[in-house]
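The opening position of the sequence shown corresponds to residue 0 in numbering that gives the first Met the number 0, with each subsequent residue numbered one higher.
Below you'll find the structure, written out as structure tokens, and then a few comments.
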Amino acid sequence: MRRTGGIALAALSLLLVIQNGHANSRDQAQRIHNRLAGVPADAATLTEMASLIDNNNAQAAAELAMEHPAFYSVTLKQFATPWTNEAQDVFADLNDYTATVIGAIRDDVDFRRILFADLLYVGNSSPAAAADSNAHYRNLEASHADLQAVLEPVSQVSQYGTPAQAVAGVLTTRAAANAFFYAGTNRAMLRFTLMNHMCRDLEQVKDTTRPSDRIRQDVSRSPGGDSRIFRNSCIGCHSGMDPLAQAFAYYDWEGDQEGDGGRMVYNTGNDPDTNTRVQGKYLINSNNFPWGYITPDDHWDNYWREGPNANLGWDSTLPGGGSGAASLGEELANSEVFASCQAEKVFTAVCLRKPADNADTSQLATMTSAFKNDNYRMKTLFADAATYCMGD
């Protein structure tokens with residue numbers, strides 16, 4: 000009876016909070032902790048967080064909540080895992096892409112670097128992380144390892160033997176290559192990078208005013224016998240996508256997509272049969288339009304710096320073109336929309352809803368500005384979102 004009465008009293012207290020539209024500092028602290036760590040705070044932590052909130056320092060209360068191991072092993076794992084597979088499955092196995100995002104956030108790494116730097120995080124499980132197996136990360140997860148404690152930064156060059164010129168942050172992790180370089184034409188790597196890190200799918204950057212000179216031969220100029228479809232639809236994506244996806248011309252996936260054994264491959268020299276470093280997938284279906292663009296190398300150009308997609312906020316100090324995946328990653332990561340996208344994703348993950356009104360839009364702008372001013376520190380975004388949604 001005593002337990003039943005306690006539950007009833009707690010329910011009544013919650014009802015009163017809802018009816019009055021008011022949450023005290025302990026309620027706010029509990030909500031911050033629940034949203035960031037996914038579990039209730041212990042009594043001592045809750046008291047300390049409530050005290051910080053009472054002293055107008057809710058930001059510090061949120062930082063304290065992020066010291067809980069579950070913030071890394073659960074919240075961030077679920078936050079980043081959908082980026083690592085085409086199905087956007089939040090329940091996919093831990094992998095090197097997800098672990099690297101978690102480690103970079105823990106270590107306050109400038110988050111732009113995840114798209115171009117030689118970053119990789121490994122744990123203490125056996126076997127060691129390898130370019131042809133995910134067993135290391137599966138074992139970390141199976142053993143319920145404390146990712147906050149065990150992840151250590153290493154180099155893709157030293158750990159995987161990836162050529163230095165081929166490394167481009169999470170884009171060249173085994174998980175990303177497995178998902179987005181497997182079969183296809185490598186356009187998937189660009190599309191999912193835009194979705195995951197710029198919050199834009201191809202339909203949202205469609206622009207039929209860009210030149211079509213870099214669209215590959217495999218794209219028919221008269222699909223179904225109607226050239227208007229190409230001019231009014233296909234060109235809108237391919238005119239910008241194909242010159243950007245050229246950055247991945249030397250990459251492929253070798254082996255099965257499922258299970259272990261497969262790995263990313265990168266051409267370091269010309270193939271004696273084709274006399275080019277470009278992967279064969281860039282040259283397939285050439286008869287669809289023989290006069291289309293034939294990819295000669297991995298030089299990319301950003302045609303979206305002009306036209307309506309100029310509003311994505313490209314960095315004017317960068318050249319807008321280059322060679323290879325790392326320089327493309329730097330182009331994308333230094334855009335305004337990269338920063339605002341991280342704010343939007345964190346807001347949704349922490350507040351458990353999409354931004355809905357003018358106040359939310361204003362908050363996103365404030366979060367984006369703080370994120371950039373704090374050297375692109377992701378924990379700043381999580382703290383800002385948690386305090387905004389902690390309740391009045």
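Here a beta-carbon is modelled for each residue, glycine too, at the ideal position from N, C-alpha and C.
Measuring CB to CB, does Gly183 end up less than 8 Å from Lys280?
-> yes
How far does the beta strand (DSSP E) with Tyr250 in it reach, from first residue to last?
-> Tyr250 to Glu253
Coarse secondary structure for Trp299, derived from DSSP in three states | strand
Leaving out the 5 sequence neighbours to the left and right, which residues in its chain are closer than 7 Å to Leu331 when beta-carbon positions are compared?
-> Leu114, Thr192, His196, Met197 and Phe337
Beta-carbon separation of Asn286 and Phe247 under 8 Å?
-> no
Quick one: is Gln245 buried, meaning 16 or more other Cβ sit within 10 Å of its Cβ, or exposed?
-> buried
Can you tell me the Cα-Cα spacing of Asn231 and Thr207, whole angstroms?
-> 7 Å
Assuming Asp95 contacts Ala128 (C-beta within less than 8 Å), just tell me the rounded distance between them.
-> 6 Å
For Met366, the three-state DSSP class (helix, strand or coil) = helix
Per DSSP, Arg215 forms a beta bridge with which residues?
-> Tyr292
N-terminal and C-terminal residue of the beta strand (DSSP E) that Leu119 is part of | Leu119 to Val121
Whether Ala325 touches Val218 by CB criterion (8 Å) = no
By how many angstroms is the C-alpha of Arg30 removed from the C-alpha of Ala384?
-> 12 Å
What did DSSP end up calling Asp26 once you bin it into helix, strand or coil?
-> helix
If we ignore side chains and look at the alpha-carbon of each, how far apart do Asp131 and Arg173 end up?
-> Roughly 8 Å between the two C-alpha positions.
What residues in its chain sit with their C-beta under 6 Å from that of Val204, if we drop five residues either side in the sequence?
-> Asn308
Over the uninterrupted alpha helix (DSSP H) stretch that includes Gly319, give me the two end residues.
-> No alpha helix (DSSP H) contains Gly319, which DSSP labels as neither H nor E.
Residue(s) in a DSSP beta bridge with Ala167 | Per DSSP, Val169.
Are the region 31-39 and the region 56-68 touching by the rule of at least three beta carbon pairs closer than 8 Å?
-> With the cut-off at 8 Å, the region 31-39 and the region 56-68 touch.
Please work out which residues of its chain come closer than 8 Å, Cβ to Cβ, to Asp373, disregarding the five sequence neighbours upstream and downstream, and give them in chain order.
-> Thr379
At which residues does the beta strand (DSSP E) containing Tyr265 begin and terminate?
-> Arg262 to Tyr265
In chain order, what residues of the same chain lie with their CB nearer than 6 Å to the CB of Glu329, ignoring the 5 residues before and after it?
-> Phe115
Beta-carbon contacts of Arg262 that lie in its chain and below 8 Å, excluding the five residues immediately before and after | Ala130, Asp131, Arg173, Ala176, Trp252, Glu253 and Gly254
Three-state secondary structure assigned by DSSP to Ser132 = Collapsing the DSSP output to three states places Ser132 in a strand.
Glu257 (DSSP reduced to helix, strand or coil) = coil
Proximity below 8 Å, CB of Ala28 to CB of Ala43 = no
Under the three-state DSSP convention, the category Val153 falls into | strand
Assuming Thr367 and Ala57 form a contact by the criterion Cβ under 8 Å, report the distance between their Cβ atoms to the nearest whole angstrom.
-> Not a contact, Cβ separation roughly 19 Å.
Please go through the same chain and pick out, in chain order, the residues whose beta-carbon is closer than 6 Å to the beta-carbon of Val277, but skip the five residues on each side of it.
-> Ala248 and Thr294
For Thr80, does the three-state DSSP call read helix, strand or coil?
-> helix
Taking Gln341 as part of the alpha helix (DSSP H), name the residues at either end of that continuous run.
-> Glu335 to Cys350
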